[in-house]
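Shown next, in structure tokens, is the structure this report addresses.
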Amino acid sequence: MGRPTRRRLLRGVSTGSVVLALDRRRGRGDRVSDPLGRRRSADSPLEVRIEETNAPVAAGEYLDVTVSIENAGSTPVRTHVDFLVGSDVEPVSRIGTTIDAGETRSGLGMGFHTYPVPTDDEFPIRIEVEGASAERTISVAGATTYESVRPDPRVSVRPETEVLFEVDAVDPDDGQTTIWWVDGERVGDTLADPWQSTYFLETGAHYLRRSFDEPGSHEVTAAVLPDGEPGSYAARWTVDVAPAGSPAPTIEALRPAEEVISVGSDEEVTFELEAAHPNGLDRVVWWLTQADSVLGVTGLAGERDVARLSTGGCHTCRLVPWVICEDGPMATPEPTWQFETVRDESISLSIRETISPVAAGDRLEVTADVENAGSTTATRNLELVVGHDPTVVDERTVSLDPGETTAVTLAFETYPTSQDERFPARIVTADAADEVTVRVSA
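According to the UniProt record's numbering, the sequence shown is numbered sequentially starting from 1.
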């Protein structure tokens, strides 16, 4: 068996027979060791210990390792702390620290996400500092194969075609974390992207968007860690990339054709998208940027179909449709639609009065007059926004008949500050706003 690389170790090659080359970098004199797996050079002032780990772990889980370093010397030592797997020459993580003379630095946390191997396994880990090391063997419980996925486990696409990989919820009533690998390298997880949680709530699945530039065979793996139960699951795809593979869907028509769409505050616009794919279309997921929300999912059928969505939007937000095919390829039109909110000049407001100053901790009220000078009934949401770091503290919805004016009072409990405060207070709608400065007494 050849010497395992870091990639092979993290992709689940058994390491039980690996002999660790612990002296490959720190050759400063003879080394001494003990039954706890600690080794150090005879002339090194440092000693490193693995205090604890969270092993055994389920395959795919984060291996958490706590380290301590002692400097028995008479001068401070600046060192790198390296976390290595097997006999690999490159650390999976590294931190720098200075240890003062006679100091023991405890509680240093290191770790990495284990690969979702299909069977129980063991592998060695090693912590190294200048002239010293400590090692331990870690046990991993194999991940259960998970088959509630899209697309099918065997995917064939053309180069540079984006594919949407999805894993459904293990338990629809509970959450989960999903970590993704491509060709053995971790490429992300669901905690790092706010769209993941939105997509999970809307569709009951986590996703990975990925394109493959190089022809050949590629591996995509997802480790699924349910919140409410121990253990882990693994979903696996083999992706064959070749010129004869499945293409991206074509988006043949967008209506409206304009990129910038002007809409009133209460107006909706109908959007249409015509798409085609020789292997069959599946659905369109409609995203609204800035709000980071899914406005809807439209099912598609056959080799050609039209998706429609009627919606309003927020100023400068974009409506981004994901066109998804049955066999995995996806595409997004370029450019996407952008909303431009047209203000209704017939709606106006002005702040009439405030209860200010107030004692810290008391209720502060702001009253505004709202007028509808138009010829149709208008419904508006009013927000009270306070502070130099603007925060919405109260809101209310009002409906006004043509020519009607009404007074609206919004309020909040002030913070019990120990000093006098002055800050702006604004009442805003989609069409109008007014601002005053209020005071809170200590």
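Glycine included, every Cβ here is placed at the ideal spot set by N, Cα and C.
Does DSSP put S441 in a helix, a strand or coil?
Note: S441 maps to strand in three-state DSSP.
Could you tell me whether the Cβ atoms of V239 and V117 are closer together than 7 Å?
By the CB criterion at 7 Å, V239 and V117 fall outside the cutoff.
If you measure between the beta carbons of residue 450 and E326, is that distance less than 7 Å?
Any property of residue 450 remains undetermined from this structure, which presents the chain solely from 1 to 442.
How far does the alpha helix (DSSP H) with E90 in it extend, from its first residue to its last?
Note, E90: premise wrong, no alpha helix (DSSP H); not H, not E.
Can you tell me where the alpha helix (DSSP H) holding F200 begins and where it ends?
P194 to T203
Euclidean distance between Cα positions of H206 and S262:
33 Å
Span separating the alpha-carbon of S375 from that of L400:
Their Cα atoms are separated by approximately 11 Å.
Mind checking who A301 pairs with in its DSSP beta bridge?
Per DSSP, none; premise fails for A301.
For S399, the first and last residue of its enclosing beta strand (DSSP E):
T391 to L400
Have a look at F271, G109 and R209 and flag the residue whose alpha-carbon is nearest the alpha-carbon of A257.
F271
Between A21 and I324, what straight-line distance do the alpha-carbon atoms span, to the nearest angstrom?
At A21 the pLDDT is 29, less than 50, meaning the model places this residue with poor confidence; the figure from the coordinates comes in the next sentence. One C-alpha to the other measures close to 49 Å.
Beta-carbon proximity check, R49 vs A134, cutoff 7 Å
With respect to A134, R49 sits close: the two C-beta atoms are nearer than 7 Å.
H80: buried (16+ other C-beta within 10 angstroms of its C-beta) or exposed?
exposed
If the criterion is Cβ atoms closer than 7 Å, does the pair residue 447 and A432 meet it?
Because residue 447 is not part of the residues shown, which for the chain are 1 to 442, the question remains open.
Between the Cα of N372 and the Cα atoms of V386, V393, L201 and T405, which residue gives the shortest distance?
T405
Pairing CB atoms from the region 209-222 with CB atoms from the region 283-298, are three or more of them under 8 Å?
no
Which of the three DSSP states, helix, strand or coil, is assigned to T376?
coil
Counting only the same chain and skipping the five closest in sequence on each side, list residues whose C-beta sits under 7 Å from that of E160.
Within the same chain, E160 has close Cβ partners S211 and D213.
DSSP puts A208 in a beta bridge; with which residues?
Note on residue identity: the sequence assigns Leu, not Ala, to residue 208. DSSP lists F165 as partners of L208.
Selected residue, minimal CA-CA separation from E353, among T437, F339, A359 and H277
T437
In the DSSP assignment, find the unbroken beta strand (DSSP E) run with Q290 in it and report its ends.
From DSSP, Q290 is part of no beta strand (DSSP E); its letter is neither H nor E.
Is A430 buried or exposed, if buried means 16 or more other CB atoms sit within 10 Å of its CB?
buried
So, is T221 buried or exposed, given that buried needs 16 or more other C-beta atoms within 10 angstroms?
buried
Is there contact here, the region 50-61 with the region 88-103, by at least three beta-carbon pairs under 8 Å?
no
Could you give the C-beta distance for P153 and W237, rounded to a whole number, given that I count them as a contact under 8 Å?
Correct: roughly 5 Å between the Cβ atoms.
Work out the CA separation of L273 and R255 for me, nearest whole Å.
In a straight line, the C-alpha of R255 is about 7 Å away from that of L273.
What are the residues that DSSP puts in a beta bridge with C325?
L281
A378 versus T316, P243, E267 and R158, residue with shortest Cα-Cα distance:
Nearest to A378 by alpha-carbon distance, out of T316, P243, E267 and R158, is E267.
Rounded to whole angstroms, what's the CA-CA distance from W195 to E130? Just pull it up for me.
Using only the alpha carbons, I get a separation of about 42 Å.
Where D30 falls: helix, strand or coil (DSSP)
In this predicted model, D30 has a pLDDT of only 36, less than 50, meaning its place in the structure is not dependable; the value taken from the coordinates is given anyway. In this structure, D30 counts as coil in the three-state DSSP scheme.
Just reading off the beta strand (DSSP E) that P424 is part of, what are its end residues?
For P424, the enclosing beta strand (DSSP E) starts and ends at E421 to V428.
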